[in-house]
């Protein structure tokens, strides 16, 4: 197995087993095909997704694709390299940060686009991190001069911030717990998931790492928090009802309401920049597909159909 294939397997496992061995009973079927919504363009017109397919000799190979918000006009994203995924766009859609495989590790890259929101039509691709460990899941600060990400460069997954002018990287989470999947709100708060209490919860903190608050604080597994465009609410995944569904909570931790209630495992929610829909992956019997739903729970739509879209 060459280095690129090894890294694809690492990427696949980051999707299949994102919590380092914490797997719900209903999610234990070995995945064969996963279509994971991984980013939304600045104008909410395009949904980027990663299509992963299990290989005969083991491991999963990933390809980044895009489709419109109705699941149509599916196309590959050229020029992004091996294992590219999780693009996050600036407000004007002219730049995006995503992760990409570079031999034995995954690093973050900054993409400058000719056509806003269209990753494949880029004029420059710049590598931002060079650490031998993995760097994943970037997010823009409100002024777009910093990015957050999580990395295992210090051992357990931790939250970091990079200043894009100086390229100085600062560690924000300062404990030995696993803390990962940061996203930055338009109000300057960073949400992330942490098992610092011995249980996975969705937390928030200030942009400098202060003011940490447990927003969900429930004995169930609460993970994958993502902000609404106005920073007033978060959507997250939880198994508090025995199944893994999506929930919405206010930014102060109040008013938790259930968004989805269907068989399978609902993961990886992302809120469209215009606020009109939320994307997520639903996994049933080892097959994961991309879905979208309105924030009020209406208009749920399946966007992919249980097949590999690799080309």
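In the numbering used here, the protein residues as written are 6 to 316. Ideal Cβ placement from N, Cα and C applies to all residues, glycine included.
query                                                                                                       : result
Range of the contiguous beta strand (DSSP E) that encloses residue 284                                      : 283-289
Nearest to residue 39 (by Cα), restricted to the options 66, 92 and 203                                     : 66
Burial state of residue 301, where buried means 16 or more other Cβ atoms lie within 10 Å                   : exposed
Distance, residue 118 Cα to residue 289 Cα                                                                  : 36 Å
contact_flag[the region 213-233, the region 273-293] where n(CB pairs < 8 Å) is 3 or more                   : yes
Stretch pair the region 73-87 + the region 136-153: three plus CB contacts closer than 8 Å                  : no
With 16 other Cβ atoms within 10 Å as the buried cut-off, status of residue 94                              : buried
Identity of the residue in 47, 224 and 56 nearest residue 96 by Cα                                          : 47
Between the CA atoms of residue 123 and residue 98 - distance to the nearest angstrom                       : 8 Å
Simplified DSSP assignment, three categories, for residue 100                                               : strand
Sub-7 Å separation of residue 206 and residue 222 beta-carbons                                              : yes
Simplified DSSP assignment, three categories, for residue 305                                               : coil
For residue 275, three-class secondary structure by DSSP                                                    : strand
Residue closest to residue 100, alpha-carbon to alpha-carbon, out of 218, 213, 226 and 114                  : 114
Straight-line Cα distance separating residue 72 from residue 196                                            : 27 Å
Cβ-based burial, residue 186 [other Cβ within 10 Å; buried from 16]                                         : buried
Range of the contiguous beta strand (DSSP E) that encloses residue 69                                       : 65-73
Buried versus exposed, by CB contacts within 10 Å (16 or more), residue 304                                 : exposed
Same chain only: Cβ atoms within 6 Å of residue 279, ignoring 5 sequence neighbours per side                : 49
Cβ neighbour criterion (16 or more within 10 Å) applied to residue 163                                      : buried
Residue 125 versus residue 282 - alpha carbon distance                                                      : 24 Å
Where residue 146 falls, given that 16 or more other Cβ within 10 Å makes a residue buried                  : buried
Residues bridged to residue 42 (per DSSP)                                                                   : 54
Completely contained beta strand (DSSP E) runs for the region 216-283, where each covers 3 or more residues : 227-232, 238-243, 250-255 and 270-276
Inter-residue spacing [alpha-carbon to alpha-carbon] between residue 220 and residue 178                    : 16 Å
Contact check, residue 291 vs residue 56, beta carbons under 7 Å                                            : no
Top-ranked residue by Cα proximity to residue 256, from 244, 218 and 266                                    : 218
Of the residues 310, 214, 132 and 59, the one placed nearest residue 193, counting alpha carbons only       : 214
Nearest neighbour of residue 160, chosen from 176, 293, 167 and 152 [CA to CA]                              : 176
Residue 116 and residue 127 closer than 7 Å at C-beta                                                       : yes
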